[in-house]
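Below is one structure, written out as structure tokens, with a few remarks after it.
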Amino acid sequence: MKRLAILAIAVVSVTGTPAVAGAESGTARNAEASARYAMLQSCPKKDYRVPCGSWTVVLRDGKKVVLEDAQVFQVTGNKVDKESSLPIHLSGDGRRAVYFRKADRQLVVRDLSTNKVIALPAKAAKVPAGMNMSDVGTFLSGDGAVLVIDYLEEAARRESLIVDVASGDVRTFKGNESVDSVSARGEYVLTSRYTSENTWTYTAYDRAGNAVNSQVVPQIVANNSPVALADDGTTMAVVVSGIAGTSLRLYDLANDTVGGKIDVSVPKREVVQHVQWDSGDRLTLRTFHDVADYTATQNASWEVSAGTGVTKRTDSFTIKSKVWDYRLPGD
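In case it helps, mature numbering (1 follows the signal peptide of the UniProt record, and there is no 0) puts the sequence shown at residues -23 to -1, 1 to 308.
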């Protein structure tokens, strides 16, 4: 069984963009040049709403980058469907975005700090014959240096790609597995595959496309998500959500061992949407919850110690209900 790990959230119009206090350090300036989120607006049509406008990236300093060159609408064959949209994806650090370019319908990567568009080799940029843009899943490493491309096709025979964005080098790995995570610096890709024995196999591939660790994982790993693979190619962070709240388990993919429960201090109403490794033992969790009248979605980012579970909220913002779709860093 193959699944394409794209989270499509249909939500709608953003409040005034919260400003982030300015700072003089180079680190702070770099942070401000990174994305907080990307959004696509909706417009009324008869008695319902449809996607409209351009994908817009809201930066942490409150500025906006309008991706006028990004393909917004789904295309099947040569037919454009103006009532459904294509996603874009942001790197975990929020500094790069990957999307289909409108002019030639090819994948490109945009550096949001320099506004430079990086062309990809044809093997990665073009949609394979017989497939549509919606059949192509894209995943950026935390730093945006590596792009992984996963294809959704019935036979699941087409190999997935690992692309070095700077050099254009392309490597491949098995296409019958679903991509779950790309490590922070793109050193490893984590995949999963549902087996004929009703189990899940997780595999870590290195940047060259070699399988380095693989296990039929225990239920605590198989039955929970999201997950993230560290840059050691071994350590998986597994988010466990339940009535009692949110916790973490660290799973060793090389030795098939599960660490103890690590409680995470986020409110019980929060739904964990994404987890990623940062530096050392630090993780970033991104969560959301709907406000009481469902007119908006409240989002938050949390810095979590993978060793202790100590949690600190680092950001929050509101997406109102007239936004058609939105994307967070790492999403």
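Idealized CB from N, CA, C, for every residue including glycine.
Just verifying my parser: in three-state terms, what is the DSSP assignment at residue i?
| i | result |
| --- | --- |
| Met213 | strand |
| Met108 | coil |
| Arg263 | strand |
| Arg304 | strand |
| Gln83 | coil |
| Lys297 | strand |
| Glu247 | coil |
| Arg148 | strand |
| Lys289 | strand |
| Pro28 | strand |
| Ser118 | coil |
| Glu60 | strand |
| Arg184 | coil |
| Gly54 | coil |
| Ala(-14) | The predicted position of Ala(-14) is uncertain, since its pLDDT is 33 and thus under 50; no value can be drawn from it. |
What residue range does the alpha helix (DSSP H) around residue i cover?
| i | result |
| --- | --- |
| Val198 | 196 to 199 |
| Ala101 | 99 to 102 |
When you compare only the Cα positions, how much space is there between residue i and residue j?
| i | j | result |
| --- | --- | --- |
| Ala15 | Ser61 | 17 Å |
| Arg246 | Asn276 | 11 Å |
| residue 325 | Arg184 | Residue 325 cannot be examined here, being either before or after the span of the chain that is shown, -23 to 308. |
| Val189 | Leu262 | 26 Å |
| Lys103 | Val300 | 29 Å |
| Val166 | Gly257 | 18 Å |
| His266 | Ile65 | 22 Å |
| Thr288 | Gly307 | 19 Å |
| Met213 | Gln196 | 14 Å |
| Pro38 | Ser169 | For the record, residue 38 in the displayed sequence is Asp; it is not Pro. When rounded, the distance between both Cα atoms is 37 Å. |
| Thr53 | Val85 | 19 Å |
| Gln83 | Ala99 | 8 Å |
I need the boundaries of the beta strand (DSSP E) containing residue i, first residue and last residue.
| i | result |
| --- | --- |
| Ala277 | 273 to 282 |
| Val189 | 188 to 193 |
| Ala96 | 93 to 96 |
| Ala15 | 12 to 22 |
| Ser68 | Neither: Ser68 is in no beta strand (DSSP E) and is coded neither H nor E. |
| Lys40 | Careful: Lys40 lies outside any beta strand (DSSP E) and carries neither H nor E. |
| Thr168 | 165 to 171 |
| Asp127 | 123 to 128 |
| Arg226 | 222 to 229 |
| Leu138 | 137 to 141 |
Do you know whose CA, among the options, lies nearest residue i's CA?
| i | options | result |
| --- | --- | --- |
| Pro105 | Leu124, Glu136, Arg78 | Glu136 |
| residue 378 | Leu89, Arg73, Ser19, Gln51 | Residue coverage of the chain in this structure runs from -23 to 308, which leaves residue 378 outside it and unanswerable. |
| Asp292 | Tyr271, Leu124, Leu36 | Leu36 |
| Val248 | Ile239, Thr264, Cys29 | Thr264 |
| Trp177 | Ala269, Asn153, Glu280 | Asn153 |
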